[in-house]
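Trainee: Sequential numbering from 1 applies to the sequence shown in the UniProt record's numbering. Just so it is clear, CB atoms sit at the ideal spot from N, CA and C, and this is done for glycine as well. Quick caveat, the model's predicted, so the values are computed rather than measured.
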Amino acid sequence: MKIALVHMRHAASGGTERFLNALSRYLAERSEDVTIICRSHVAPSHPAIRFVRLRPLSVGKAQRMWRFARAVERHIRAADYDLVYGLGKTWTHDLLRIGGGTVHHHLAAKPQSQQRRKDRIAARIEAKAMAPGAYYHVVSNSRQSDREIAEAYGVPAERRSVIHNFVDTRRFDPARLGDEPHELARELGLESAKAPTFLFLGTGYERKGLAAALKAFALLESDATLLIVGRDSRQAEYEALARQLGVAERCRFLGEQSAPERYFALADCYLLPARYEPFGFTVLEALACGTPVITTRHCGAQEVVTPEVATVLERADDARALADAMTYWAARRHAPGLGQRCRALALSLDIDAVMAENYRCILDVYRQKQAHPCQT
Numbered sequence: 001m002k003i004a005l006v007h008m009r010h011a012a013s014g015g016t017e018r019f020l021n022a023l024s025r026y027l028a029e030r031s032e033d034v035t036i037i038c039r040s041h042v043a044p045s046h047p048a049i050r051f052v053r054l055r056p057l058s059v060g061k062a063q064r065m066w067r068f069a070r071a072v073e074r075h076i077r078a079a080d081y082d083l084v085y086g087l088g089k090t091w092t093h094d095l096l097r098i099g100g101g102t103v104h105h106h107l108a109a110k111p112q113s114q115q116r117r118k119d120r121i122a123a124r125i126e127a128k129a130m131a132p133g134a135y136y137h138v139v140s141n142s143r144q145s146d147r148e149i150a151e152a153y154g155v156p157a158e159r160r161s162v163i164h165n166f167v168d169t170r171r172f173d174p175a176r177l178g179d180e181p182h183e184l185a186r187e188l189g190l191e192s193a194k195a196p197t198f199l200f201l202g203t204g205y206e207r208k209g210l211a212a213a214l215k216a217f218a219l220l221e222s223d224a225t226l227l228i229v230g231r232d233s234r235q236a237e238y239e240a241l242a243r244q245l246g247v248a249e250r251c252r253f254l255g256e257q258s259a260p261e262r263y264f265a266l267a268d269c270y271l272l273p274a275r276y277e278p279f280g281f282t283v284l285e286a287l288a289c290g291t292p293v294i295t296t297r298h299c300g301a302q303e304v305v306t307p308e309v310a311t312v313l314e315r316a317d318d319a320r321a322l323a324d325a326m327t328y329w330a331a332r333r334h335a336p337g338l339g340q341r342c343r344a345l346a347l348s349l350d351i352d353a354v355m356a357e358n359y360r361c362i363l364d365v366y367r368q369k370q371a372h373p374c375q376t
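Put into C-alpha cells, the structure is as follows:
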C-alpha cells in the first residue's frame, strides 16, 4: 500500500513528530510504501521511508501554513497514493489525526486581543479538514479531544476513534538506565539527600502549570527539591516567582535536556498540573520509569491513569490540593511495589501495541476507501 503521511515539520522532538516517526517506522517495517510529505525534515526513522518536500514561497507563519496546505492538495491530486494520513494543519486526507486538541477550542479559551493571524488561518484550515466529505475517519489521542471534535464540527461517532498516545518502554526503562539516575543525583548534589525530589518537565510553563507547582512547593512543610527541566521564553519570570515564594534555593532550573528518562527515574514524583494538555506523553514516560504522577483533569492522560499510580486534581490552580498530593506521594516514595505498578500501567500503552492499533485503523480506512472511493 502506498501511504502518505502529511505534516509540515518532520523532526526528532515534539509530540506529533514523535508519533510521525514511530508510525512511519512501524509501517515501513511491515513493507508498506511510506512517503512523508513535509516542508522540512531530519533523517527518517527507517531507511525505506521517502520524503516529498513542499516549500511554496511564503512570508510569515500564517502564509507558510496556508500555502503548504494548498501545495499538499495539489500534490496529492497529481499523485497516486492509496491512503493519505494527515497529522493536522492540512485539509487533504483520507484519515486525520488530531493530537493537540482542536484549534477551535484553543481559540475559544483565548481573549480576542490575543488571537493572531496564524491562529485564524489554523482555524480555517481545521474547518476545511473537518468539513463533511473531507475525510473518512478522524482519530484523536484522548476522549477530551474526541469530545472537542464532536462539539466543534459534528463529526459522527462512527467516523471517530480514540487511540491514546504511546510510550517507548525500552527507552524509558529503569533497568536499562542502570546507575545513570544515581550518577545524575551526584551531578546535582542530591546523592546524600533524604528529602524527596519532585520533577516538572516540559516546554510551555504557563499551560503546563509551573506557577501552580512552585506555589504548591512553597506550601510543603518538609524539605524537598524541585527540578524544572525544559525551556520557556519567560523562564526569568518563574525564577523571580521562586525567589518571591522563598524556594529559589531548593528549585533547579536545568533547561532542556536530551535524556529526560534520567530525570524521570531520579524523581520521586512527576508534576504536570496542566491548565490544558490534550494528552501528555510525559505522564506515560514518568510511569514507565517507575515514577508516580500528579496531573489534572485538564490533561488527556488522566484518562489512562489509576489512583494507584497517580493523583488527578480537579483544578489546575489549586496549590493547596497539589501540595497535599505532593506530600502524599513523598511519604510513599519507598513503598514496596510502587515502581512496578507505575511501569505495569505504562507497559499497557507500549509503542508497539499502540502502533498496531493505528495500523488496524489505517487498514480499516483503506478498505472503506476501496468500497466507497468518492466519499471524501
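With distances taken between CB atoms, is the gap from M326 to L220 smaller than 8 angstroms?
Mentor: For this step, residue 326 is matched to residue 326 along the sequence shown. For this step, residue 220 is matched to residue 220 along the sequence shown. Cβ distance < 8 angstroms, so M326 and L220 count as in contact.
Trainee: Among the residues of its own chain, which have a CB less than 6 angstroms from the CB of K2, if the five just before and after it don't count?
Mentor: As a working mapping, residue 2 is identified with position 2 in the sequence shown. Cβ-Cβ distances below 6 angstroms link K2 to D33, Y81 and D82 in the same chain, with the five nearest sequence neighbours on each side left out; the list follows chain order.
Trainee: According to DSSP, simplified to helix, strand and coil, what is H137?
Mentor: By 1-based counting over the sequence shown, the position of residue 137 is 137. Here H137 sits in strand by DSSP.
Trainee: Does the distance from the C-beta atom of L190 to that of A265 stay below 8 angstroms?
Mentor: By 1-based counting over the sequence shown, the position of residue 190 is 190. By 1-based counting over the sequence shown, the position of residue 265 is 265. No, they are not a contact pair.
Trainee: Return helix, strand or coil for R332, following the three-state DSSP convention.
Mentor: Here residue 332 is taken as the residue at index 332 of the sequence shown, counted from 1. DSSP places R332 in coil when its eight states are reduced to three.
Trainee: Using 10 angstroms around the beta-carbon of H10, count the other beta-carbons present and answer buried if the total reaches 16, otherwise exposed.
Mentor: Start at 1 with the first residue of the sequence shown, and residue 10 comes out as number 10. By the neighbour-count criterion, in which 16 or more other beta carbons inside 10 Å mark a residue as buried, H10 falls on the buried side.
Trainee: Given that a residue counts as buried once 16 or more other Cβ atoms are within 10 Å of its Cβ, and exposed if not, what is K369?
Mentor: For the purposes of this step, residue 369 is taken as residue 369 along the sequence shown, with counting starting at 1. K369 should be labelled buried.
Trainee: Suppose you measure from the CA of V354 to the CA of L347; what does that come to, to the nearest Å?
Mentor: The sequence position of residue 354 within the sequence shown is 354, counting from 1. The sequence position of residue 347 within the sequence shown is 347, counting from 1. In a straight line, the C-alpha of V354 is about 11 angstroms away from that of L347.
Trainee: Which residue comes first and which comes last in the beta strand (DSSP E) that contains I3?
Mentor: The sequence position of residue 3 within the sequence shown is 3, counting from 1. It spans K2 to V6 - the beta strand (DSSP E) in which I3 sits, taken as one unbroken run.
Trainee: Start and end of the beta strand (DSSP E) containing G255?
Mentor: In the sequence shown, counting from the first residue as 1, residue 255 sits at position 255. Segment C251 to G255, the beta strand (DSSP E) holding G255.
Trainee: For V162, which option in G100, Q115, G14 and H106 has the closest C-alpha, if you only look at C-alpha atoms?
Mentor: Along the sequence shown, read from residue 1 onward, the residue named residue 162 stands at position 162. Selected option, being the one with the closest Cα: G100.
Trainee: Does the beta-carbon of L363 have 16 or more other beta-carbons within 10 angstroms, so that it is buried, or is it exposed?
Mentor: Within the sequence shown, residue 363 is the residue found at index 363, counting from 1. So L363 ends up on the exposed side.
Trainee: List in chain order: all unbroken alpha helix (DSSP H) runs of 4+ residues lying wholly within the region 85-146.
Mentor: 103-108 and 117-129
Trainee: Hey, V309 and T296: beta-carbon distance below 8 angstroms or not?
Mentor: Numbered from its first residue, the sequence shown carries residue 309 at position 309. Numbered from its first residue, the sequence shown carries residue 296 at position 296. For the pair V309 and T296, the CB atoms are not nearer than the 8 angstroms cut-off.
Trainee: Spell out the partners DSSP gives S40 in its beta bridges.
Mentor: One-based indexing of the sequence shown puts residue 40 at position 40. BP columns for S40 point to R9.
Trainee: With DSSP as the reference, label I163 as helix, strand or coil.
Mentor: For this step, residue 163 is matched to residue 163 along the sequence shown. Note: I163 maps to coil in three-state DSSP.
Trainee: Whole alpha helix (DSSP H) runs in the region 240-301 with 4 or more residues, listed along the chain?
Mentor: 260-266 and 281-288
Trainee: May I have the straight-line CA-CA distance separating R320 from P260, to the nearest angstrom?
Mentor: For this step, residue 320 is matched to residue 320 along the sequence shown. For this step, residue 260 is matched to residue 260 along the sequence shown. Rounded to the nearest angstrom, the two C-alpha atoms are 28 angstroms apart.
Trainee: Is E151 close to chain D? Criterion is C-beta to C-beta, closer than 8 angstroms.
Mentor: Among the chains of the structure shown, chain D does not appear; only one protein chain is present.
Trainee: Under 8 angstroms between the Cβ atoms of V293 and V305?
Mentor: Position 293 of the sequence shown, counted from the start, is the residue given in the question as residue 293. Position 305 of the sequence shown, counted from the start, is the residue given in the question as residue 305. Going by beta carbons, V293 and V305 fall inside the 8 angstroms limit.
Trainee: Can you find the residues in the same chain that come closer than 6 angstroms, C-beta to C-beta, to R341, ignoring five residues on each side of it along the sequence?
Mentor: Sequence index remark: in the sequence shown, residue 341 carries index 341 (1-based). These residues qualify, in order along the chain: E308 and V309.
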